[in-house]
Amino acid sequence: MALVIEGEERIAAPLQKVWEALNDPEILKDTIPGCQSLEKKSDTEMAATVVLKIGPIKATFNGEVTLKNLKPPHSYTIQGEGKGGIAGFAKGGADVTLTSDGPDTTVLKYAAKADVGGKIAQLGSRLIESTSKKLAGQFFSSFGEKVGG
């Protein structure tokens with residue numbers, strides 16, 4: 008089952024500060040919903056453990072995240088894949104673009120695509136799509152508050 012999630016977040020911080028935060032494992036760990044651990048393996052690779060509840064299913068996903076198409080400090084593509092045991096798997100990516108809107112405001116735009124399988128996929132596309140949009144919204148608003156606050 009494939010999903011597409013797009014959005015935009017205005018962050019009250021300069022572009023360079025937002026770029027650095029997008030590459031900071033501690034900030035990401037604090038803002039990704041359900042993130043238990045996020046470990047930087049290299050400048051472009053991280054390992055993550057995330058606990059998510061989607062409808063009646065609660066699962067721990069262990070995964071790898073890779074950053075590609077880096078164009079600092081304006082854009083990158085983040086790709087990841089996580090396995091949640093019997094709950095299933097999730098894999099996907101997002102194109103993230105940063106644009107300055109004055110000296111102290113950055114507009115972050117994202118277009119994410121995800122594919123899920125296993126028991127999670129059996130829950131139905133509406134539940135998965137609404138949960139995915141909610142989680143993406145929580146992450147970007149939490150990220151915006153942490154970086155801009």
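In the working numbering, the protein residues as written are 8 to 156.
Backbone N, C-alpha and C define an ideal beta-carbon position, used for all residues, glycine too.
Exercise for the section: Give a yes or no on whether the C-beta atoms belonging to Leu105 and His81 are separated by under 8 Å. Expected result: As a first step, residue 105 is located in the sequence shown; it is residue number 98 there, counting from the start. As a first step, residue 81 is located in the sequence shown; it is residue number 74 there, counting from the start. Yes. Within cutoff.
Practice task
Have a look at Val72 and Ala28 and give me their C-alpha separation to the nearest angstrom.
Solution key: Here residue 72 is taken as the residue at index 65 of the sequence shown, counted from 1. Here residue 28 is taken as the residue at index 21 of the sequence shown, counted from 1. Distance between the alpha carbons of Val72 and Ala28: 16 Å.
Practice task
Out of Lys98, Ala143, Lys126, state which residue places its alpha-carbon closest to the alpha-carbon of Gly14.
Solution key: Position 7 of the sequence shown, counted from the start, is the residue given in the question as residue 14. Taking only the C-alpha atoms, the option nearest Gly14 is Ala143.
Handout entry: Unbroken stretches of the beta strand (DSSP E), 3 residues or longer, contained in the region 98-149
Key = 113-124
Handout entry: Phe96 beta carbon less than 8 Å from that of Val57
Key = In the sequence shown, the residue the question calls residue 57 occupies position 50. In the sequence shown, the residue the question calls residue 96 occupies position 89. Their beta carbons are not under 8 Å apart, which means Val57 does not touch Phe96 by this criterion.
Practice task
Give me the Cα-Cα distance between Leu130 and Gly100, rounded to the nearest whole angstrom.
Solution key: Counted from its first residue, the sequence shown places residue 130 at position 123. Counted from its first residue, the sequence shown places residue 100 at position 93. Their backbone Cα atoms lie some 21 Å apart in a straight line.
Handout entry: Nonlocal neighbours in the same chain, by C-beta distance under 7 Å from Ser132, ignoring five residues either side
Key = Your numbering for residue 132 matches position 125 in the sequence shown. Closer than 7 Å at Cβ, skipping near neighbours: Met8.
Practice task
Would you check if the distance between the CB atom of Ala119 and the CB atom of Ile12 is smaller than 8 Å?
Solution key: Numbered from its first residue, the sequence shown carries residue 119 at position 112. Numbered from its first residue, the sequence shown carries residue 12 at position 5. Against a cut-off of 8 Å, the Cβ pair of Ile12 and Ala119 comes out as a contact.
Practice task
With a 10 Å radius around its C-beta and 16 neighbouring C-beta atoms as the bar for buried, classify Leu77 as buried or exposed.
Solution key: Along the sequence shown, read from residue 1 onward, the residue named residue 77 stands at position 70. That one is exposed.
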